[in-house]
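For reference, the structure discussed in these notes is given below.
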Amino acid sequence: MSSSAAETSSMFYSMILPSTIHNKMLRIPLKFVGQFGDELSSIAKLAVPDGRVWQVGLTKFGRKIWFDQGWQNFVESQSISAGYFLLFKYEKNSIFRVLIFDMTACEIDYPYEDDMACEMCVEISEEQFKHEAELLSRKRKMEDGLERDEPNAEPDLLVSLRKSGIYITEKYKELYSTEELERAVYIARAFKATNPKPNPLFMIIWKANDKPCREVYAPARFAYQYVDEDSKSVEVQAPSGRKWSLGIHWRATGGFFLAKGWAGVSDYVHLTEGDICIFELVRHRDVVFKLHVFHQ
Numbered sequence: 001m002s003s004s005a006a007e008t009s010s011m012f013y014s015m016i017l018p019s020t021i022h023n024k025m026l027r028i029p030l031k032f033v034g035q036f037g038d039e040l041s042s043i044a045k046l047a048v049p050d051g052r053v054w055q056v057g058l059t060k061f062g063r064k065i066w067f068d069q070g071w072q073n074f075v076e077s078q079s080i081s082a083g084y085f086l087l088f089k090y091e092k093n094s095i096f097r098v099l100i101f102d103m104t105a106c107e108i109d110y111p112y113e114d115d116m117a118c119e120m121c122v123e124i125s126e127e128q129f130k131h132e133a134e135l136l137s138r139k140r141k142m143e144d145g146l147e148r149d150e151p152n153a154e155p156d157l158l159v160s161l162r163k164s165g166i167y168i169t170e171k172y173k174e175l176y177s178t179e180e181l182e183r184a185v186y187i188a189r190a191f192k193a194t195n196p197k198p199n200p201l202f203m204i205i206w207k208a209n210d211k212p213c214r215e216v217y218a219p220a221r222f223a224y225q226y227v228d229e230d231s232k233s234v235e236v237q238a239p240s241g242r243k244w245s246l247g248i249h250w251r252a253t254g255g256f257f258l259a260k261g262w263a264g265v266s267d268y269v270h271l272t273e274g275d276i277c278i279f280e281l282v283r284h285r286d287v288v289f290k291l292h293v294f295h296q
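Numbering (full-length UniProt numbering), first residue to last: 1 to 296.
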């Protein structure tokens, strides 16, 4: 594995949902657990950029692991709320570097606390943690409660995207699960976090359609704001630099589909069900999109 691939595998993103706030714990992604779960101890350390460190208990249940005892202290100290997303970078020995991004996809100004107050709030003794963990392990309903989707999760995710300036059609809340939408949010907001001043963009979750001309839809909010309604075609640039001129088909409601020529683009970039595409508007006048592909 290359060094860059290894670094990527030791990182993960987490979107803060209303259910995360309510349950006062955060589940670590299974892919990360599969690679590093065995080396995690019962207590993790979360370090933010200003140098402060929180000790947070890890609850293990089968192949699943949650940040648990002490997690709420961390959330409250950083004023984290639903719609935020966190980037975790694993540093070994159960230490995680954490970056926190708000609803606008900007990294927060980390609130300063008195050192003594911080220490009193966040440290957990091994004995205290073990006691709490034993109590939690008897609550088997935790498994079911955390696996259920929050009823309003999908709309909250779409609102979060819109507030970040990322356009996506609302029909996705009918087509995809909360988990799939979460992944879309992670990718879109991580993209913005690594591109502090991005061009306007919209995103799709690729789904094979019996009408190929309707696989890519630019939402009406995006089209109205950034694309002249007289436009008949757009240019799409693949990550490799290859370019296509594509016809567009406007809907009466205001959005448009990428029509003639899109099939060639999707074949070239090897799109499969569930892949995520970000279309970044790099030129307004003649409408040129740069395509960013995130495979499933």
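C-beta atoms are modelled at their ideal positions from N, C-alpha and C, and glycine is treated no differently. Predicted, not measured: the structure shown is a model, and the values here were computed from it.
- Residue nearest to GLY255 within the set PRO219, TYR13, LEU99, PRO198 is PRO219 (criterion: CA-CA distance).
- Using a Cβ-Cβ distance cut-off of 8 Å, the region 11 to 22 and the region 81 to 100 are in contact, since at least three pairs of beta carbons, one from each stretch, lie closer than that value.
- Per DSSP, GLN225 lies in no beta strand (DSSP E) segment; the continuous alpha helix (DSSP H) that holds it begins and ends at 220 to 226.
- Between PRO111 and GLN72, the C-beta gap is not smaller than 8 Å, which leaves the two residues out of contact.
- Fully enclosed alpha helix (DSSP H) runs of no fewer than 4 residues occupy 71 to 77 of the region 31 to 110, in order along the chain.
- In the three-state DSSP reduction, SER231 falls in the coil class, being neither helix nor strand.
- A check of alpha carbon separations from LEU246 across ASP230, VAL288, ILE276, GLY274 identifies VAL288 as the nearest.
- Under the 10 Å beta carbon count, ARG251 is surrounded by fewer than 16 other beta carbons and is classified as exposed.
- In this structure, LYS192 places its C-beta atom within 8 Å of the C-beta atom of PRO198.
- When the beta-carbon positions are compared, GLU180 and GLY274 come within less than 8 Å of each other.
- From the listed residues ASN195, GLU229, ARG183, THR169, the smallest Cα separation to PHE202 is found for THR169.
- Put simply, the backbone Cα of GLU215 is about 16 Å away from that of HIS292.
- By the C-beta density criterion, ILE187 is buried, having at least 16 other C-beta atoms within 10 angstroms.
- The secondary-structure analysis by DSSP pairs ARG283 across a beta bridge with VAL288.
- DSSP places TRP262 inside the alpha helix (DSSP H), whose first and last residues are 262 to 268.
- By the neighbour-count criterion, in which a residue is buried when 16 or more other Cβ atoms sit within 10 angstroms of its Cβ, SER240 is exposed.
- For ALA184 against ILE205, the beta-carbon gap comes to about 6 Å, under 8 Å, which counts as contact.
- In the DSSP annotation of this structure, ILE168 is not part of any alpha helix (DSSP H), being labelled neither H nor E.
- Around the CB of ARG52, 16 or more other CB atoms lie within 10 Å, so the residue is classed as buried.
- Distance from the Cα of TYR224 is smallest, within the candidate group LYS60, CYS277, HIS284, GLU107, for HIS284.
- Cβ contact annotation for PHE36 (same chain, cutoff 8 Å, sequence separation greater than five): SER10, TYR90, in chain order.
- In the three-state scheme derived from DSSP, where H, G and I count as helix and E and B as strand, VAL293 is classed as strand.
- For ILE187, the three-state secondary structure derived from DSSP is helix.
- Apart from the 5 residues on each side of it in sequence, ALA259 sits with its Cβ closer than 8 Å to the Cβ of CYS213, LEU246, GLY247, ILE248, HIS249 in its chain, given in chain order.
- As computed with DSSP, MET25 is found in no beta bridge at all.
- Each residue's CA atom was taken as its position, placing ASP286 and LEU86 some 37 Å apart.
- Here ASP68 is buried: its Cβ has 16 or more other Cβ atoms, across all protein chains shown, within 10 Å.
- The DSSP-derived three-state label of SER10 is coil.
- As the crow flies, the alpha-carbon of GLY62 is around 44 Å from that of TRP262.
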